[in-house]
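Under this note's numbering, the first residue of the sequence shown carries the number 162, and numbering increases by one thereafter. Note that beta-carbon positions come from the ideal geometry of N, C-alpha and C, so glycine has one too. The structure displayed is predicted, hence computed values, not measured ones. Here is the structure we will look at.
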Amino acid sequence: DLDTIQKIDDLIRNAVTKTRSISKMLSPIEIDQSSLLPAVEEMILQIKTVFKIECSIEENNFQDNFNSTITTNLYYIIREAINNSLKHSNADSIHITFTQNDNFLYIEIGDNGKGSNSFQNNTGMGLKIMKYRAGIIGANLSFENSSSGFLIKISLGIKNNN
Numbered sequence: 162d163l164d165t166i167q168k169i170d171d172l173i174r175n176a177v178t179k180t181r182s183i184s185k186m187l188s189p190i191e192i193d194q195s196s197l198l199p200a201v202e203e204m205i206l207q208i209k210t211v212f213k214i215e216c217s218i219e220e221n222n223f224q225d226n227f228n229s230t231i232t233t234n235l236y237y238i239i240r241e242a243i244n245n246s247l248k249h250s251n252a253d254s255i256h257i258t259f260t261q262n263d264n265f266l267y268i269e270i271g272d273n274g275k276g277s278n279s280f281q282n283n284t285g286m287g288l289k290i291m292k293y294r295a296g297i298i299g300a301n302l303s304f305e306n307s308s309s310g311f312l313i314k315i316s317l318g319i320k321n322n323n
């Protein structure tokens, strides 16, 4: 009947829209120097649109003036952290905080989900990718899994890394 056909058509259109948005997020990006925050904001907009999940950014003295190697690797660490939250945590909220002082940059990506066993067991591919990228730029990575959600912390010495 006509209602069933309309529902199928709506489902197909929705799937095509989500697939396009997801592929846009997965495609390699060109991040120029001083463009981490706009790239993360664009990713968050896509997440809100596609996954209907609350996602926010907080900045505390963030300068966003790193070289392209640091900027690119931080972007991909943040993206992997968010992808893991979307896939494994059943979270309905993700929050990213950028805090910077003269010597360090701190980034926290947290969700209000159930966490991830792969991070607890140190077996997840996403964890390995994030650790690898952190190693490239000399950043430290830590993970906290609790009943209130999952938190990824990145710290990067920036005195001579700009």
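Any idea if residue i is buried or exposed, counting beta-carbon neighbours within 10 angstroms, 16 or more meaning buried?
i, result
"residue 176", "exposed"
"residue 221", "exposed"
"residue 116", "Residue 116 lies beyond the stretch modelled for the chain, which goes from 162 to 323, so this question has no answer here."
"residue 268", "buried"
"residue 294", "buried"
"residue 202", "exposed"
"residue 210", "exposed"
"residue 163", "exposed"
"residue 172", "exposed"
Tell me the DSSP secondary structure of residue i in three-state form.
i, result
"residue 320", "coil"
"residue 214", "coil"
"residue 170", "helix"
"residue 162", "coil"
"residue 209", "helix"
"residue 271", "strand"
"residue 251", "coil"
"residue 222", "coil"
"residue 306", "strand"
"residue 301", "strand"
List the whole-angstrom C-beta distance separating residue i from residue j, where the pair is believed to meet the contact cut-off of C-beta under 8 Å.
i, j, result
"residue 242", "residue 313", "5 Å"
Relative to the C-alpha of residue i, which residue among the options is closest?
i, options, result
"residue 272", "294, 198, 215, 207", "215"
"residue 318", "306, 308, 285, 302", "302"
"residue 285", "248, 257, 300, 308", "248"
"residue 290", "307, 236, 169", "236"
"residue 300", "257, 230, 307, 256", "230"
"residue 219", "162, 205, 265, 213", "205"
"residue 306", "274, 197, 316", "274"
"residue 212", "258, 292, 254, 173", "254"
"residue 146", "208, 174, 316", "No answer is possible for residue 146: the residues shown for the chain start at 162 and end at 323."
So, using beta-carbon positions, are residue i and residue j closer together than 8 Å?
i, j, result
"residue 270", "residue 239", "yes"
"residue 234", "residue 287", "no"
"residue 217", "residue 256", "yes"
"residue 264", "residue 179", "no"
"residue 227", "residue 198", "no"
"residue 165", "residue 196", "no"
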